[in-house]
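To start, the structure itself, in structure tokens.
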Amino acid sequence: MSGFLAVVRRDLRLALRQGSDSMMVVTFFVLTVVLFPFGIGPEPGILERVAAGVLWVTALLASMLSLDRLFQTDYEDGSLDLITRSPQPLSVLVLGKVAAHWLTTGLPLLAAAPLLAVLLNMNADGFGVLVVAFALGTPTLSLIGAVGAALVLGARRGGVLLSLLVLPLYIPVLVFGVSAVDAAIMDLPFKAQLLILGGFLLGAAALCPWATAAALRQAVE
Amino acid sequence: MQEFLDMGGYAGFVWPSYIITFGLLALVFALTWRLLKTSERRLEALQAARGRRPRGKRGAGPAAPAQSQSQPQARETEKAPAGAAGESR
Amino acid sequence: MHRFANPNRFLKLANAILPWAAGLTVILTLAGLYYALVASPEDYQQGATVRIMYVHVPAAWMALFVYTAIAVASAVALIWKHPVSDLFAKASAPVGAAFTFIALVTGALWGKPMWGTWWVWDARLTSMLILFFLYLGHMALMNAFDDPQRGYKAAAVLALVGVVNVPIIKFSVDWWNTLHQPASVARMDGPAIDPAMLTPLFLMAFAFKAYYITVALLRMRGEIAEAKVRAISMSQVHG
Chain A
1 MSGFLAVVRR DLRLALRQGS DSMMVVTFFV LTVVLFPFGI GPEPGILERV
51 AAGVLWVTAL LASMLSLDRL FQTDYEDGSL DLITRSPQPL SVLVLGKVAA
101 HWLTTGLPLL AAAPLLAVLL NMNADGFGVL VVAFALGTPT LSLIGAVGAA
151 LVLGARRGGV LLSLLVLPLY IPVLVFGVSA VDAAIMDLPF KAQLLILGGF
201 LLGAAALCPW ATAAALRQAV E
Chain B
1 MQEFLDMGGY AGFVWPSYII TFGLLALVFA LTWRLLKTSE RRLEALQAAR
51 GRRPRGKRGA GPAAPAQSQS QPQARETEKA PAGAAGESR
Chain C
1 MHRFANPNRF LKLANAILPW AAGLTVILTL AGLYYALVAS PEDYQQGATV
51 RIMYVHVPAA WMALFVYTAI AVASAVALIW KHPVSDLFAK ASAPVGAAFT
101 FIALVTGALW GKPMWGTWWV WDARLTSMLI LFFLYLGHMA LMNAFDDPQR
151 GYKAAAVLAL VGVVNVPIIK FSVDWWNTLH QPASVARMDG PAIDPAMLTP
201 LFLMAFAFKA YYITVALLRM RGEIAEAKVR AISMSQVHG
């Protein structure tokens with residue numbers, strides 16, 4: 001546990017010192033969502049219909065934006081060697097890194113989502129569920145993304161490759177995230193979708209750090 | 001025959017399916033075959049090159065004057081198979 | 001199993017199997033084609049389009065089968081550090097991707113007369129499309145490293161992550177599909193299958209399996225030769 005907290009604290013401090021990453025992700029999120037009314041026209045009816053999908057797809061892309069830096073800097077400056085050789089279980093340390101990544105990129109997305117939902121004329125019934133679905137879904141994205149980020153360490157064109165590896169694996173989160181929000185807007189029961197999203201989060205939290213640790217060990221070998 | 005080729009009016013769907021299926025499988029096979037032949041030819045060329053140089057010592061070729069050089073090369077060929085086995089172990 | 005960890009011993013085995021696998025591929029394909037195109041009845045609803053099923057369905061089976069085989073080989077490679085299974089995983093991926101692509105294209109060619117459009121976001125076709133991306137990712141990762149060993153290991157981890165995700169993706173796509181599409185469209189599995197249709201279906205399925213074995217073994221032979229070339233060039237540089 002102390003190792004977990006130490007990694008979280010270290011990564012948060014680094015993120016605060018260098019700044020920019022969270023800002024960049026949120027700016028990308030806002031900008032891309034704002035592009036949609038230009039692309040499909042500003043009629044409130046259409047925007048309302050696609051709002052949940054647009055927000056989720058854009059959030060997927062935004063959360064991927066910062067992924068390739070998750071281990072890259074540690075890999076380059078050698079601190080990854082120290083982390084993998086630490087007596088603490090590597091998967092716990094990985095979980096710490098993912099938690100820090102989510103706090104710096106996922107949480108800002110969560111805060112921005114309701115504001116953007118207003119811009120897209122989303123029905124106010126969906127706001128609460130949107131926030132809950134984001135809160136359950138974006139950590140899963142960070143967890144799955146961490147596996148991809150660890151796998152592409154040292155690869156040629158790692159950034160593009162990362163999106164090819166990770167985006168197909170994001171589809172379940174997207175399906176149930178959008179479905180929960182849409183159900184809430186249409187006054188249908190949405191509890192099942194949220195429970196499934198929660199299940200994904202638990203499953204990912206159990207398996208992904210382990211797979212990430214395996215990938216990291218091979219990268220520093 | 002005409003009736004067979006016509007496929008009950010669905011010729012435009014049935015025949016392309018089969019052509020694409022077996023065309024792509026043949027293409028994958030052809031690429032595989034080419035890859036295999038290129039690799040094997042490169043391997044043979046390398047092995048032949050390794051085999052030729054020590055033989056030059058016996059005066060059967062242009063390598064004859066470079067006798068002082070062929071000594072370390074001969075040693076290297078003895079070492080290399082062990083290395084090759086080690087690499088692809 | 002470890003008997004064949006030695007590439008040379010494996011080569012001997014592969015060369016013994018290859019002529020049989022290749023011959024079987026040719027015979028089964030010819031028999032399959034005869035039954036699929038000539039000696040099987042037309043479906044009373046779908047007419048001759050049912051003949052597309054004899055390549056579509058076996059290709060889709062192969063797409064899943066090859067991915068499973070890659071995952072098993074990856075697990076063996078990671079747990080027992082078995083070098084031949086690394087080669088097997090690498091040799092399998094392009095074959096699996098080709099079968100997935102075939103399933104997609106023939107699915108579209110079947111969909112046009114059935115549904116009236118080339119592409120419907122049908123649960124099966126969509127899952128196949130995602131599987132195709134998984135294959136592409138696996139192949140790209142395998143070839144993205146200067147050190148082939150690193151590529152093998154990374155791709156093996158990815159294959160295991162992928163195989164855990166495939167059922168989850170399938171489940172999500174099915175859910176999403178029933179949500180957005182009333183079950184009015186004709187299903188790909190079609191009406192109850194006539195026993196006479198099973199003969200070409202299974203002949204093709206086995207022909208594809210034999211083809212997979214043949215091509216995978218040939219590719220592995222190429223990879224082993226390539227590894228030897230690398231080893232010799234390395235020893236020349238260092239010697």
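From first to last, the protein sequence lines are chains A, B and C. Sequential numbering from 1 applies to the first sequence in the UniProt record's numbering. Sequential numbering from 1 applies to the second sequence in the UniProt record's numbering. Sequential numbering from 1 applies to the third sequence in the UniProt record's numbering. Virtual Cβ for every residue (Gly too), placed ideally from N, Cα, C.
- [ ] Name the two residues that bound the continuous alpha helix (DSSP H) containing Met23/A.
- [x] From DSSP, the alpha helix (DSSP H) with Met23/A extends over 21-40.
Task: Three-state secondary structure (DSSP) of Gly78/A - done: Residue state, collapsed to three classes: coil.
Open item on the list: For a quick check, are the C-beta atoms of Pro29/C and Ala59/C less than 9 Å apart?
Closed with: Pro is not the amino acid found at residue 29/C; the sequence shown has Thr there. The Cβ atoms of Thr29/C and Ala59/C do not sit closer than 9 Å to each other.
- [ ] May I ask which residues mark the beginning and end of the alpha helix (DSSP H) holding residue 251/C?
- [x] It is not possible to answer for residue 251/C, since the shown part of chain C is limited to 1 through 239.
Open item on the list: Against Phe99/C, what residues of chain A qualify as contacts under a CB-to-CB distance less than 8 Å, listed in chain order?
Closed with: The premise fails here: Phe99/C is roughly 18 Å from chain A at the closest Cβ pair, so nothing lies under 8 Å.
TODO: In the DSSP assignment, find the alpha helix (DSSP H) that holds Gly47/C and state where it starts and stops.
DONE: Segment: none, Gly47/C is in no alpha helix (DSSP H) and carries neither H nor E.
Task: Which listed residue (Glu223/C, Ser233/C, Gln46/C) has its alpha carbon closest to that of Glu40/B - done: It is Glu223/C.
Task: Identity of the residue in Ala15/A, Ser2/A, Asp68/A, Val7/A nearest Ala150/A by Cα - done: Looking at the Cα atoms, Asp68/A is the closest of the given residues.
Open item on the list: Less than 7 Å between C-beta atoms, sequence neighbours within five positions excluded: which residues of the same chain meet that for Val66/C?
Closed with: If the five residues before and after Val66/C are omitted, its C-beta is found closer than 7 Å to the C-beta atoms of Ser92, Val95, Gly96, Phe99, Tyr212, all from its own chain and listed in chain order.
TODO: Report the option in Val164/C, Ala154/C, Val50/C, Met142/C whose CA atom is closest to the CA atom of Leu201/C.
DONE: Nearest option by C-alpha distance: Val50/C.
Open item on the list: Is it buried or exposed, Gly78/A, if we count other Cβ atoms within 10 angstroms and call 16 or more buried?
Closed with: That one is exposed.
Open item on the list: To be precise: take each residue of the segment 161-172 of chain A, compare its Cβ to all Cβ atoms of chain C, and keep it if any distance is under 9 Å. Which residues remain?
Closed with: Against chain C - using a Cβ distance shorter than 9 Å - the residues of the segment 161-172 of chain A are Leu161, Leu164, Leu165, Val166, Leu167, Pro168, Leu169, Ile171, Pro172.
Task: Contiguous alpha helix (DSSP H) assignments of at least 4 residues, all confined to the segment 127-191 of chain A - done: Unbroken alpha helix (DSSP H) stretches of 4 residues or longer found wholly inside the segment 127-191 of chain A: 158-185, given in chain order.
TODO: Would you check if the distance between the CB atom of Val118/A and the CB atom of Ala180/A is smaller than 9 Å?
DONE: Taking 9 Å as the Cβ cut-off, Val118/A and Ala180/A do not qualify as a contacting pair.
Open item on the list: I need the straight-line Cα distance from Ala207/C to Val26/C, nearest angstrom please.
Closed with: Distance between the alpha carbons of Ala207/C and Val26/C is about 8 Å.
Open item on the list: Please report whether the beta-carbon of Gly154/A lies at a distance below 9 Å from any beta-carbon of chain C.
Closed with: At least one chain C Cβ lies under 9 Å of Gly154/A.
Open item on the list: According to DSSP, is Gln69/B part of a helix, a strand, or is it coil?
Closed with: Its pLDDT being 42, under 50, Gln69/B is placed unreliably by the model, and nothing is read from it.
Task: Inter-stretch contact at 8 Å, needing at least 3 Cβ pairs: the segment 139-150 of chain A / the segment 203-214 of chain A - done: They touch, by the three-pair rule.
TODO: Measure the CB-CB distance between Ile130/C and Ile196/A and report whether it falls below 9 Å.
DONE: When the beta-carbon positions are compared, Ile130/C and Ile196/A stay at least 9 Å from each other.
TODO: Check the Cβ of Val72/C against every Cβ in chain B and list those closer than 7 Å, keeping chain order.
DONE: Those do not exist, as Val72/C stays about 22 Å from chain B at its closest Cβ, beyond 7 Å.
Open item on the list: With a threshold of 9 Å between beta-carbons, can Gly8/B be considered close to chain C, or not?
Closed with: Yes, because at least one Cβ of chain C sits closer than 9 Å to the Cβ of Gly8/B.
Open item on the list: Going by beta-carbon coordinates alone, are residue 229/A and Leu164/A separated by less than 9 Å?
Closed with: The question about residue 229/A has no answer here: the residues shown for chain A are numbered 1 through 221.
Open item on the list: Does chain C have any CB closer than 9 Å to the CB of Gln2/B?
Closed with: With 9 Å as the cut-off, Gln2/B does not count as an interface residue toward chain C.
Task: Straight-line Cα distance separating Trp175/C from Asp6/B - done: Rounded to whole angstroms, Asp6/B to Trp175/C spans 39 Å at the Cα level.
Open item on the list: My output table needs one value for Glu48/A: the three-state DSSP class, helix, strand or coil.
Closed with: Reduced to three states, the DSSP call for Glu48/A is helix.
- [ ] For Lys12/C, name the three-state secondary structure that DSSP assigns.
- [x] Three-state result, Lys12/C: helix.
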